[in-house]
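Protein sequences appear in the order of chains A and H. Heads up: the first sequence at position 26 corresponds to 232 in the numbering used here, and the numbers run straight through without jumps. Heads up: the second sequence at position 116 corresponds to 230 in the numbering used here, and the numbers run straight through without jumps. Below is one structure; the comments refer to it alone.
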Amino acid sequence: MSAKPKNRKFSRRTVLAGSVAGAAAVLTRFPAPAVAQAEPFRLGLLTVKTGPLAQGGIQMEQGVLTYLKETNYVIGGRKVDFVSADTGGNPAGTKTKAQELVERDKVDVILGPLAAFELYAISDYIREQKMPTLSLAAADDLTQRKPNPYLLRASATSSQAMHPMAHYTATELKLKRIFCIVEDFAFGYEQMGGFQASLQKEGGCVVNKLWPPLVTPDYTPYVAQISDCDGVCQGFAGSNPLRFMKAYANAGLKYPVVTGETGGDDALLRSYGEEAIGLVSCIPYTLDLEIDANHRFINGMLKNFDVIPGQYAGLLYVNCQVVDAALKATGGDAHDKDKFMTALKAVSLTDTPRGPLKFDHFGNVIGTFYVRRIGTEGAKYGLKLWNKTIKTYENVSQFWTWPEQEYLAHPVYSRDYPPLTKC
Amino acid sequence: MTFWLLLTVNSVTFGGLLFLLSAGFSLIFGLMRIPNLTHGSMFMLGAYFGTTLLSGVLGVRFGFWLAAVVCAIEVALLGALMERLLLRRLAGQQLAQVLVTLGVSFMVADLCLMGWGGDPISVATPPGLNGFVRFGAAVFPLYRLAVIAIAVVVALALWLMLERTRLGAMIRAGVDDPQMARVVGIRVSQLFTIVFALGAGLAGFAGLIGGPILSVYPGIDQDMLPLALVVVILGGTGSLLGSFVGSILIGFIYNFGQALLPELAYFILFLPMVLVLVLRPQGLFGGQIL
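Have a look at this one:
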């Protein structure tokens, strides 16, 4: 317990922003600094434990718990009180739970939420509350053209993994004319926009882009339209990649398929069958990274939950490491939110399950991205399929190889940007 | 050409699967007037039970077809229990029925999440149906064609049951005029339990049969329920022929709508339902059970 917060003033903001109940709770926290030193660090998690998004959401919580168990619930020299909230995977629920975490549970930092629409629902609120938030949600513009100063993203923007994926597709797989297919929502647009922009930079082009609705029980009608190309890029998330790859194989299509972080996530390896063999993906966390930090994490997940982790668990574990490092840097003081946010953005780590990482001035990660191919060779942990890393891209920023100013001068990736060109 | 052929065959296949799902929904609604919003949950439960049977229970691994029958029976029993314990008490109160069945569907969804976890589970195609069939330049998986055959067999079996058996005659009487059926000595209450169990069982059966195509994942219940609703409203409640024609129609609309006008896929899917509700509320074949 080296922490001795020096400056424990309660700003007018804290009191004003709190509800009556909140204000009462603040008063009970007024003891002198000497007592406050023993006060636990309150770590909040917004996740989804029910409904269709629960698979990733449950892994998020397991990732956090794995880190806390490893450190005996002490980070940055302070005991941790962990509060987990289930948003139900909808924006209204996320807002309510965020308010509960901030105003009732008085958390010092929020991890999560999972989905972009959840993050958008609370973006203004966390700014108003100055609540440091380490989100997994990928919405590009929240660390680009509409930055939220209280947001830190140690995972990736939607397009961040797709930039190197397209580079690899064009330069190493030598596939130039690509057919893109992804769900009809922002995460999909931003993924494919990034893929297209980076592909065009390497002299490739996109033949066509298809946007099936989020709920598509059978992908055959879309698969039937795929033709006249060198390869296919799919950006599906949740359980959709599984059904897409099945429909794709069933239709007898043989074009090579590449995908992003959600389509090739290691958590899907148990569910995928033969149809996924050969699928190439690019992702910020990979199970087969043979470094101590990753072994420690995987063994923790296996021991505590008997679960083989995917990126949701991996990235939340990394988030905890980032909070830990920032807290150490401030001597255990997270009370001044702006100071703590600065400390968070200054974190630079090497010993994480995803390898080295640091942050840009928007609070978005600069880190390693891994291109892998699914096969059977080298499979561990009782899996039949395995993602084998075939290329690593180091120090990948959200702007890829473009200068920041040039990148930000373009509109955010969308359904219509970049536009389709003759291919 | 390949494109059209693939879509056409897939439309019929998807229609076949929809028929398995919605035939029971239609019978339940036609006979009991219960808008059973747990029907998607029954589909999901059947699929999850099926995956468990396939991976082995107490060291016994079931074959695909046996698993499909067993999971249908399991779900039918659950359906019977639910009808006896819950819906029976709410006879005639449609609003209460909607709320209770909706509530139960949420509960089932969470129980499945607890029981089977959130990871999607893929169901292997049954042995012997792994191959492909060639239509000119198009290839089509054998299993999807088998689904059409299964749907036709089930449709024929249901038709024979309704047309040729005493039970069928009682069900028809019940759909036509429940009060009169009661008066002539048909034990309508028992009939309700049987029909509800039958409908649930069919949905459970469809769950596993759909497994190799759709895989099984949390939320599949809410994905399938609206499709069953559309089919039944289009075809007419309580009508076997209606479910069959409605399923195939929706199969075509779904496939061609998504392929040709993907932006309007859902609009096109629900448009016929709206038109039917406005112009012919009883559905295309409403009032004729067969």
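All residues carry an ideal CB built from backbone N, CA and C; glycine is no exception.
Can you tell which of the options has its C-alpha closest to the C-alpha of residue i?
| i | options | result |
| --- | --- | --- |
| Gly-359 of chain A | A:Asp-512, A:Leu-522, A:Asp-314 and A:Val-286 | It should be noted that the sequence gives Arg, not Gly, for residue 359 of chain A. Of the candidates A:Asp-512, A:Leu-522, A:Asp-314 and A:Val-286, the one whose C-alpha sits nearest the C-alpha of Arg-359 of chain A is A:Leu-522. |
| Trp-606 of chain A | A:Gln-350, A:Tyr-461 and A:Val-528 | A:Gln-350 |
| Ala-535 of chain A | A:Asn-278, A:Gly-282 and A:Met-266 | A:Gly-282 |
| Glu-459 of chain A | A:Glu-467, A:Gln-431 and A:Thr-465 | The amino acid occupying residue 459 of chain A in the given sequence is Leu; Glu does not appear at that position. Looking at the Cα atoms, A:Gln-431 is the closest of the given residues. |
| Leu-121 of chain H | H:Gly-400, H:Gly-397, H:Pro-386 and H:Gly-371 | H:Gly-371 |
| Gly-365 of chain H | A:Tyr-425, A:Asp-292, A:Phe-288 and A:Asp-311 | A:Tyr-425 |
| Glu-378 of chain A | A:Thr-363, A:Glu-408, A:Ala-392 and A:Asn-510 | A:Glu-408 |
| Thr-582 of chain A | A:Ile-483, A:Ile-264 and A:Ala-443 | A:Ile-483 |
| Thr-627 of chain A | A:Gly-584, A:Val-315 and A:Ala-403 | A:Ala-403 |
| Phe-157 of chain H | H:Leu-355, H:Leu-134, H:Val-289 and H:Val-267 | H:Leu-134 |
| Leu-317 of chain A | A:Glu-309, A:Val-270 and A:Ser-329 | A:Val-270 |
| Leu-252 of chain A | A:Lys-382, A:Tyr-454 and A:Thr-339 | A:Thr-339 |
| Leu-474 of chain A | A:Gly-444, A:Ile-489, A:His-501 and A:His-541 | A:Gly-444 |
Taking the C-alpha atoms as reference points, what is the distance between residue i and residue j?
| i | j | result |
| --- | --- | --- |
| Gly-399 of chain A | Ala-321 of chain A | 18 Å |
| Met-196 of chain H | Arg-449 of chain A | 32 Å |
| Gly-228 of chain A | Leu-307 of chain A | Residue confidence for Gly-228 of chain A is low, a pLDDT of 42 falling below 50, so the modelled location carries little weight and cannot support an answer. |
| Glu-188 of chain H | Leu-357 of chain A | 49 Å |
| Met-547 of chain A | Val-390 of chain H | 58 Å |
| Leu-495 of chain A | Asn-278 of chain A | 25 Å |
| Asp-498 of chain A | Asp-557 of chain A | 8 Å |
| Lys-415 of chain A | Tyr-257 of chain H | 29 Å |
| Pro-234 of chain H | Pro-515 of chain A | 15 Å |
| Pro-237 of chain A | Lys-551 of chain A | No answer about Pro-237 of chain A holds up, because its pLDDT of 42 lies below 50 and its placement is not dependable. |
| Glu-334 of chain A | Ser-290 of chain A | 22 Å |
| Ala-220 of chain H | Gln-304 of chain H | Here residue 220 of chain H is Phe; the residue named in the question, Ala, does not match the sequence. Taking the straight line from one Cα to the other gives about 27 Å. |
| Asp-390 of chain A | Leu-378 of chain H | 12 Å |
| Gly-394 of chain A | Met-294 of chain H | 57 Å |
| Pro-211 of chain A | Thr-293 of chain A | With a pLDDT of only 44 at Pro-211 of chain A, under 50, the local geometry of the prediction cannot be trusted, and the value read off the model is given with reservation. Spanning the two alpha carbons is a distance of roughly 32 Å. |
| Leu-343 of chain H | Phe-385 of chain A | 34 Å |
| Phe-565 of chain A | Gln-604 of chain A | 10 Å |
| Pro-353 of chain A | Asn-369 of chain H | 41 Å |
| Ser-341 of chain A | Tyr-326 of chain A | 11 Å |
| Ser-620 of chain A | Glu-396 of chain A | 6 Å |
Would you mind sorting residue i into buried or exposed? The rule is 16 or more other CB atoms within 10 Å of its CB.
| i | result |
| --- | --- |
| Ala-263 of chain H | exposed |
| Phe-381 of chain H | exposed |
| Thr-574 of chain A | buried |
| Arg-560 of chain A | buried |
| Gln-611 of chain A | exposed |
| Asn-593 of chain A | buried |
| Pro-258 of chain A | buried |
| Trp-179 of chain H | exposed |
| Arg-175 of chain H | exposed |
| Met-512 of chain A | One point to set straight first is that residue 512 of chain A is Asp, not Met, in the sequence displayed. So Asp-512 of chain A counts as exposed. |
| Tyr-273 of chain A | buried |
| Pro-427 of chain A | buried |
| Gln-527 of chain A | buried |
| Thr-279 of chain H | exposed |
| Gly-466 of chain A | buried |
| Gly-324 of chain H | buried |
| Lys-285 of chain A | exposed |
| Ser-361 of chain A | buried |
| Arg-248 of chain H | exposed |
| Pro-419 of chain A | exposed |
| Lys-177 of chain A | Lying outside 207 to 629, the shown extent of chain A, residue 177 of chain A is not represented and no answer is given. |
| Met-228 of chain H | exposed |
| Arg-203 of chain H | exposed |
Going by DSSP, which residues form a beta bridge with residue i?
| i | result |
| --- | --- |
| Pro-255 of chain H | H:Phe-246 |
| Val-280 of chain A | A:Lys-285 |
| Asn-570 of chain A | A:Arg-359 |
| Trp-592 of chain A | A:Gly-581 |
| Arg-248 of chain A | A:Asp-287 |
| Thr-598 of chain A | A:Tyr-576 |
| Val-174 of chain H | H:Val-171 |
| Arg-383 of chain A | A:Cys-411 |
| Ser-136 of chain H | According to DSSP, Ser-136 of chain H bridges with nothing at all. |
| Asp-292 of chain A | A:Thr-253 |
| Ile-489 of chain A | A:Tyr-576 |
Mind listing the chain B neighbours of residue i? Cutoff is C-beta to C-beta under 7 Å, in chain order.
| i | result |
| --- | --- |
| Trp-417 of chain A | Included in the structure are the protein chains A and H, with no chain B among them. |
Let me know the beta strand (DSSP E) ranges lying completely inside the segment 437-478 of chain A, each 3 residues or longer, listed in chain order.
437-440 and 463-465
Runs of alpha helix (DSSP H) lying entirely within the segment 392-442 of chain A, each at least 4 residues, in chain order
You should have 392-407 and 426-429.
Unbroken alpha helix (DSSP H) runs of length 4 or more, entirely within the segment 177-252 of chain H: which are they?
178-199 and 208-230
Runs of alpha helix (DSSP H) wholly within the segment 309-374 of chain A (minimum 4 residues, chain order)
322-335
Whole alpha helix (DSSP H) runs in the segment 249-318 of chain H with 4 or more residues, listed along the chain?
Every alpha helix (DSSP H) stretch that sits fully inside the segment 249-318 of chain H and reaches 4 residues is listed by chain position as 256-278, 280-290 and 292-297.
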